[in-house]
Structure formats: C-alpha cells, structure tokens
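Novice: The sequence shown: position 18 = 280 (the numbering used here), numbered continuously. The C-beta atom is built at its ideal place from N, Cα and C for all residues, glycine as well. None of these values were measured; they are calculated from a predicted model. Here it is: the structure, laid out below.
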Amino acid sequence: MNTLVLNNTQIDVAAEILKNGGVVGIPTETVYGLAADALNGEAVAKIFRAKGRPMDNPLIVHVAAFEDIERFHLVREIPEAAKQLAHAFWPGPLTIIMKRTDVIPHEVSAGLDTVAVRFPSHPTAQAVIRAANTPLAAPSANLSGSPSPTTAQHVLNDMKGKIDAVIDGSASAVGVESTVITLATDVPRVLRPGGITVEQLRAVLGEVEVDDAVLHKLADGAVAASPGMKYKHYAPKANVLLLKGSDDAYIRYVNAHAGEDVCALCCDEDLLLLKVKTLSLGKRGDYLTHAHHLFDCLRRIDENHTIHTVYSRLPSIEGVGLAVYNRLIRAAGFEVIDLEAI
Ligand code: TXA
Ligand code: MG
C-alpha cells in the first residue's frame, strides 16, 4: 500500500479516506494517532492489523465537540462528573471512560461495557473529525510496543506501507498520551497519567484514585483495569536502568559505568558533568518539557544501534512528572537501582 503524506490543507482527502473505511495517521496535541471511523468495525480492525495490536486492547473514540457524545449516542448516560471534567479540560489531553451503548463496535470496546472518549485540542485533529462527520477511533500511531510517535516522521518510520495516509502536522506539544480517567468506578480513577495531572483532576472532582498499575507492576494473573497497562510498552531495544538517588550520586554512578555503549538520559544541568553519550529531557524539574522530549529520546536510542545501556534518573511523581515516571518505569521493566543502598 502506498502511504500518502498529506498536509493540513488536505483535510478533505483524509476525510474521504476515513469515510471509505481507511486508516489515516493524524496529529494530536498528545501524540500522533492512527484514526479510523469509530462506528465502522471493519475499518477499526485495520488499525489493529497495522499496529500489530492485541484485539483485547480497546481504543479511544475521538470527538470534535462535547455534544458529539450525545449526537452519536456513544454512552448510555453522561455522568455529572464528565460534564465537570469536559468543562475544565476539553478540548485537551484527557480521556474519559463511561458506560457505552451498542453503537460502539466490539473492535473498539474489546468486549468491555465501557468506552473511552476524548475531545482533542489540536486544530487538525478537530478538522478531520468534523470533515469525516463521524467519531474517530485512534490509538497512538506506533507499532505495538514501540514508543508513541510525536512527529509524522515517527509515524512513517513505523507505518509506511501499512496505512492509507498520514497528515504531517507539527510535533505533538504535550508529547505523552492523554490522561485516562474512568467514571465507571464508584470513585473516579486514573488508569493512565498524562498531560492533565491528578492534582488538576482532584481540584475539579474532589476524590480521585490512582490505579495501582500506574506506579507498580501488575501481579502475574491480575486483571488490568486498562488493558493497555498489561502490555510491555515504550521499551527501547537498549536496556534502560532507572537510578534513584541525589543528582551527584547519579553523575558518579554513570561516570563509574562509562563505556562506548552507554547513554545517559539526563537533564540539561548534567550535560557537562557526564562522561558518556547524553540525551537531555530538558531543564531539571521542568516536567512538561521532559514529557515533550521523552518519546523522541527513546526513539533516538533505538536508532543508535551502538547504545546497549541507558541510565536515567527515577523521575519525580509530581504533576506531569507522574506521566514521565509511568512511561519510563515500563521502559525499564520496573527495574530501579537505589544508589543510597549501594
Ligand atoms: O493521547 C492519547 O490518548 C492518544 C491520542 C492518539 O489520542 N491515544 C492513545 O491511544 O494513547 P492508545 O490506544 O495508545 O491508548 C489507550 C489506552 C490503552 O491503555 C487502553 O487499554 C485504554 O486506553 N483504554 C481504552 N478504552 C478503554 C476502556 N474502555 N476501559 C479501560 N481502558 C481503556
Ligand atoms: Mg499507545
């Protein structure tokens, strides 16, 4: 299949492909998505084939207005909390899980009785949804198991020849996927941290729980509230090791383990102190910038075949730091070296 590369003046071309049951890579403010008509099960099945994604992992349905939820009859009932969240954070990097109707194909819900809905803020994403005149199911546009794509080039690296088209927009501003919150539990619960922080959600809703799988490895045989959490994610081919300890201890440890095949995923302040290859996430404590650069750094590590070991600091779990922590702890297979204990 020839994958067309479109620009954002060719929204109508993308919309026509989507109406005809095709798959198009689209920019969003979080990461690039692989979109298909969410109400067309056959179209959605093509997304799973292109990504190599297990069929038991449900997709997020993207709308271009809060009213689209009712217009397309996506959910049984809109909870009060959903209205409050939408008012505060939509359009934007927040996905809300609610009880679904039978309009949602089983390819989208993967057998669950819920559906995840997001109203993205990216103008191109909104324009495509509006022009296609249907909600769009879209996972991140990476091959299953690879870091999510934050540029059209990342999408092409993974999907060229496997999808009908990609729209080349700018690099995704947030850089990590949306925060996923479910309202199908007694107390609203965060299943995946992202650009909207737990602190922001609590300011609107009051009590909000954070699912155990956000910070910890699921026990063998445990059922994941969010099926995506049980899969190995964001794992570069190199071995990622997370180091817990002071800034000085981090520098000392990495320099003591220097080598041709070693890379430090670090902060700007560390660059001159480290005696190994470096990739910086940004200024220390600037978690928004770290999120923005994270997946691009992980992809660069993969592209450099000489890197076998990556040393990163264990991120803070404050604010958007929690989203970076959640991705990196998975990239590291939950292995953390405690420098104080050495
Ligand atoms: O920012 C984003 O959310 C991006 C852009 C393209 O919008 N999309 C994205 O989709 O990250 P994906 O498929 O890569 O991640 C969706 C996550 C998965 O972990 C999936 O298991 C979970 O959301 N999910 C989707 N529907 C769900 C549901 N009904 N119940 C529980 N988890 C659900
Ligand atoms: Mg994904």
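Any heavy atom of the ligand MG within a distance shorter than 6 Å of the CB on S440?
Specialist: For the ligand MG, not one heavy atom lies less than 6 Å from the Cβ of S440.
Novice: K345: buried (16+ other C-beta within 10 angstroms of its C-beta) or exposed?
Specialist: Exposed: under 16 other Cβ atoms inside 10 Å.
Novice: Output the distance between the C-alpha atoms of H541 and L533, rounded to the nearest integer angstrom.
Specialist: Correcting the residue type first, residue 541 is Leu in the shown sequence and not His. If I take the Cα positions, the gap works out to 8 Å.
Novice: Would you list the residues sitting across from V267 in a DSSP beta bridge?
Specialist: Beta-bridge pairing links V267 to V428.
Novice: Would you be able to state if there are at least three C-beta pairs under 8 Å between the segment 363 to 383 and the segment 415 to 431?
Specialist: No contact exists between the segment 415 to 431 and the segment 363 to 383.
Novice: Quick check on R546: does DSSP put it in helix, strand or coil?
Specialist: In the structure shown, R546 sits in coil (DSSP, three-state: anything other than H, G, I, E or B).
Novice: Between T568, R546, P353, which lies nearest to K539 when the distance is taken from Cα to Cα?
Specialist: The shortest C-alpha separation from K539 is found at T568.
Novice: By DSSP, does K537 sit in helix, in strand, or in coil?
Specialist: K537: coil per DSSP, three-state reduction.
Novice: Write down the C-beta distance between V476 and R454 rounded to the nearest angstrom, noting that I regard them as a contact closer than 8 Å.
Specialist: Contact holds; Cβ gap of about 7 Å.
Novice: Looking at C-alpha atoms only, which residue of D523, G456, L590 is the closest neighbour of G581?
Specialist: Of the listed residues, the one whose Cα sits closest to G581 is G456.
Novice: Strictly by DSSP, which residues pair up with A571?
Specialist: For the sequence presented, residue 571 should be read as Thr rather than Ala. T571 is bridged to N501, V524.
Novice: Tell me the residue span of the beta strand (DSSP E) that contains K308.
Specialist: Looking at the DSSP string, K308 is not in any beta strand (DSSP E); the run it does join, the alpha helix (DSSP H), is 303 to 313.
Novice: Between I359, A312, Y496, T271, which lies nearest to T265 when the distance is taken from Cα to Cα?
Specialist: With distances taken between Cα atoms, T265 lies closest to A312.
Novice: Measure from the alpha carbon of G437 to the alpha carbon of each residue in A518, A403, R546, then state which is nearest.
Specialist: Checking every option, the nearest Cα to that of G437 belongs to A403.
Novice: Near I359, what residues of its chain come up, given a Cβ to Cβ distance below 6 Å and the 5 sequence neighbours on each side ignored?
Specialist: Cβ within range, chain order: T376, A378, T444, A446.
Novice: Mark F310 as exposed unless 16 or more other C-beta atoms lie within 10 angstroms of its C-beta, in which case mark it buried.
Specialist: That one is buried.
Novice: If contact is defined by three or more beta carbon pairs under 8 Å, each pair taking one atom from either stretch, is the segment 270 to 288 in contact with the segment 395 to 409?
Specialist: Yes: at least three Cβ pairs fall under 8 Å.
Novice: On the criterion of 16 or more Cβ atoms from any shown chain inside 10 Å, does P320 qualify as buried, or is it exposed?
Specialist: Per the 10 Å Cβ criterion, buried.
Novice: Can the beta-carbon of E609 be found closer than 7 Å to that of H368?
Specialist: Residue 609 is absent from the model: the chain starts at 263 and stops at 604.
Novice: So, are the CB atoms of A393 and A305 less than 7 Å apart?
Specialist: The answer is no: Cβ separation not under 7 Å.
Novice: Would you check whether the ligand HEM has a heavy atom nearer than 6 Å to the C-beta of L374?
Specialist: Ligands in the displayed structure: the ligand TXA and the ligand MG; the ligand HEM is not one of them.
Novice: Leaving out five residues before and five after V504 in sequence, what residues of the same chain have Cβ atoms less than 6 Å from its Cβ?
Specialist: The residue you asked about is not Val; residue 504 is Leu in the sequence shown. Taken in chain order, the residues that qualify are S574, L576, A594, V598.
Novice: Out of I366, L550, N517, N566, point me to the one whose CA is closest to V586's CA.
Specialist: The residue with the shortest Cα to Cα distance from V586 is L550.
Novice: Which of helix, strand or coil does DSSP assign to H416?
Specialist: H416: helix per DSSP, three-state reduction.
Novice: Note down, in chain order, each residue of its chain lying with its Cβ closer than 7 Å to the Cβ of K308, except the 5 sequence neighbours on either side.
Specialist: Within the same chain, K308 has close Cβ partners V285, A298.
Novice: Between H519, G303, G468, G490, which has its C-alpha nearest I366's C-alpha?
Specialist: Checked all of H519, G303, G468, G490; the closest Cα to I366 is G303.
Novice: Give the DSSP-derived three-state secondary structure of R454 in the structure shown.
Specialist: Strand at R454.
Novice: Using DSSP with H/G/I as helix, E/B as strand and the rest coil, what is G295?
Specialist: G295: strand per DSSP, three-state reduction.
Novice: Count the other C-beta atoms from every protein chain shown that fall within 10 angstroms of the C-beta of A348, then say buried if there are 16 or more, exposed otherwise.
Specialist: Buried.
Novice: Using 6 Å as the cut-off, classify the Cβ of A427 as near or not near the heavy atoms of the ligand TXA, replying yes or no.
Specialist: Not under cutoff, so the answer is no.
Novice: What number of angstroms, rounded off, separates the C-alpha of D509 from the C-alpha of A326?
Specialist: Going from the Cα of D509 to the Cα of A326 covers about 44 Å.
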